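A quick write-up on the structure given underneath.
Numbering (my numbering), first residue to last: -12 to 212.
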């Protein structure tokens, strides 16, 4: 089974060009996806805030590391000490993109393609090789966002992450629905009463941290223009 972070990465990759959307805040998004996956596995929880000025902390609850090495490394980072979700998504997402892409390449889903821009600047792109799994993920998202089907928890978590990135409506064919209707459906699915409190708290904390990072990136871009 793929990680939620791997599915998110596949959805953000342009299958033909092998380039990534949302690249400026991708590490935060991938860190959020790893934290959400740990929450779904019951490996972490978000503590209640103890005061208005205090930030809710995330702590590890599992003592046995997950089998997946990237998840195991993420859990080890959480277990070091209690940290805020905003701190953790940055830490968990730092440098993980290359590891996730290497995993997808080993699975035969993408392939690294190295060339030079203008014949001078090296770059690596990751065009799709086998989109069978990605197509299945998109079908599940389309069923949930467009057809009104009841998604499983992993699909809902992925919807919540895409909603935080503002990309849910860009990920599926609308089939007669407006972009606004798809966005509203995504938000309703993300906010619905569907998961245990620990999972919902971790998802809320992760997506809030992602939204903060995106907003900060927008302010920085505006200031530099």
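Heads up, the beta-carbon is just placed ideally off N, CA and C, and yes, glycines get one too. Since we're looking at a predicted model, the values are computed, not measured.
Buried or exposed, going by whether 16 or more other CB atoms sit within 10 Å of the CB of residue i?
{"i": "residue 3", "result": "exposed"}
{"i": "residue 159", "result": "buried"}
{"i": "residue 30", "result": "buried"}
{"i": "residue -8", "result": "buried"}
{"i": "residue 15", "result": "buried"}
{"i": "residue 145", "result": "buried"}
{"i": "residue 210", "result": "Note that residue 210 scores 41 on pLDDT, short of 50, meaning its location in the model is unreliable; the coordinates nonetheless yield the value given after this. Under this definition residue 210 is an exposed residue."}
{"i": "residue 186", "result": "buried"}
{"i": "residue 1", "result": "exposed"}
{"i": "residue 104", "result": "exposed"}
{"i": "residue 134", "result": "exposed"}
{"i": "residue -6", "result": "buried"}
Between the beta-carbon of residue i and the beta-carbon of residue j, is there less than 7 angstroms?
{"i": "residue 189", "j": "residue 66", "result": "no"}
{"i": "residue 141", "j": "residue 181", "result": "no"}
{"i": "residue 88", "j": "residue 61", "result": "no"}
{"i": "residue 125", "j": "residue 111", "result": "no"}
{"i": "residue 76", "j": "residue 97", "result": "no"}
{"i": "residue 192", "j": "residue 12", "result": "no"}
{"i": "residue 171", "j": "residue 156", "result": "no"}
{"i": "residue 17", "j": "residue 83", "result": "yes"}
{"i": "residue 196", "j": "residue 72", "result": "yes"}
Using a Cβ-Cβ cut-off of 8 angstroms (strictly less than) and excluding sequence neighbours within five positions of residue i, which residues of its own chain qualify?
{"i": "residue 86", "result": "57"}
{"i": "residue 194", "result": "19, 147, 148, 150, 151 and 177"}
{"i": "residue 174", "result": "150"}
Spatial neighbours of residue i within its chain, please: C-beta separation below 7 angstroms, excluding the five flanking residues on both sides.
{"i": "residue -11", "result": "120"}
{"i": "residue 167", "result": "none"}
Starting from residue i, trace the alpha helix (DSSP H) both ways and give me its first and last residue.
{"i": "residue 124", "result": "119 to 132"}
{"i": "residue 102", "result": "No alpha helix (DSSP H) contains residue 102, which is instead part of the beta strand (DSSP E) from 100 to 104."}
{"i": "residue 168", "result": "166 to 178"}
{"i": "residue -6", "result": "-9 to -1"}
Would a check of beta-carbon distances place residue i closer than 7 angstroms to chain B?
{"i": "residue 145", "result": "Going by chain labels, chain B is absent from the structure shown, which holds only one protein chain."}
Specify, as a first and last residue, the run of the beta strand (DSSP E) that residue i falls within.
{"i": "residue 47", "result": "44 to 47"}
{"i": "residue 111", "result": "108 to 112"}
{"i": "residue 31", "result": "31 to 33"}
Counting only the same chain and skipping the five closest in sequence on each side, list residues whose C-beta sits under 6 angstroms from that of residue i.
{"i": "residue -2", "result": "158"}
message = Tell me whether the stretch 43 to 51 and the stretch 6 to 15 touch, counting them as touching only if at least three CB pairs, one residue from each stretch, are closer than 8 angstroms.
response = The stretch 43 to 51 is not in contact with the stretch 6 to 15.
- Message: Does the stretch 122 to 136 come into contact with the stretch 162 to 169, if we say contact requires no fewer than three beta-carbon pairs (one atom in each stretch) closer than 8 angstroms?
- Response: The stretch 122 to 136 is in contact with the stretch 162 to 169.
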